[in-house]
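What follows is one structure encoded as structure tokens, with my remarks underneath.
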């Protein structure tokens with residue numbers, strides 16, 4: 001599976017839609033997914049809104065729990081990659097990032113002022 005780097009500077013304002021939740025590897029045993037280093041993988045739903053376009057929601061997997069990321073807060077996504085996948089007749093794109101961090105209130109206010117209010 002080939003990774004495709006994503007330029008987050010072109011995505012507009014990113015906001016947390018659903019806070020961090022551990023990714024489940026096995027729904028029967030409720031086992032959580034871990035990376036090679038033993039870190040729990042979390043998923044965060046993030047809204048993406050480019051200028052003049054509809055809002056999209058993407059789920060991003062990230063190693064370790066993103067601290068301070070809460071629903072509605074503006075976030076910064078570092079090292080975002082997209083992966084195309086297919087299983088039988090199902091297919092899609094999944095996303096993973098190195099980190100998701102909250103944008104400090106003073107920085108998000110400046111962003112909103114400069115971009116007409118954000119999402």
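Residue numbers (full-length UniProt numbering): 1 to 119.
Note that the Cβ used here is the ideal one computed from N, Cα and C, for glycine as well.
All of these numbers come straight from a predicted model, not from anything done at the bench.
Just to check my reading of the structure: residue i and residue j have Cβ atoms closer than 8 Å, yes? What is that Cβ distance to the nearest angstrom?
i	j	result
residue 61	residue 90	About 18 Å; that fails the 8 Å criterion.
residue 19	residue 40	The Cβ separation is near 15 Å, so there is no contact.
residue 92	residue 48	No, residue 92 and residue 48 are not in contact; Cβ-Cβ is about 16 Å, not under 8 Å.
residue 75	residue 16	5 Å
Are the Cβ atoms of residue i and residue j separated by less than 9 Å?
i	j	result
residue 86	residue 2	no
residue 105	residue 78	no
residue 100	residue 69	yes
residue 59	residue 43	yes
For residue i, collect the residues of the same chain with a Cβ closer than 6 Å to its Cβ; drop the 5 residues on either side in sequence, then sort them by chain order.
i	result
residue 30	none
residue 71	16, 19
Candidates the options: which alpha carbon is nearest residue i's?
i	options	result
residue 45	51, 68, 81, 21	21
Can you list, in chain order, the residues of its chain whose CB lies under 8 Å from that of residue i, leaving out five sequence neighbours each side?
i	result
residue 57	17, 45, 46, 47, 48
residue 81	3, 4, 5, 6, 95, 96, 97
Excluding sequence positions up to five away, which residues of its chain have a Cβ less than 7 Å from the Cβ of residue i?
i	result
residue 73	15, 16, 102
residue 67	none
residue 51	12
(request) Would you be able to state if there are at least three C-beta pairs under 8 Å between the stretch 4-17 and the stretch 28-36? (result) Fewer than three beta-carbon pairs drawn from the stretch 28-36 and the stretch 4-17 are found closer than 8 Å, and the two stretches are therefore not classed as touching.
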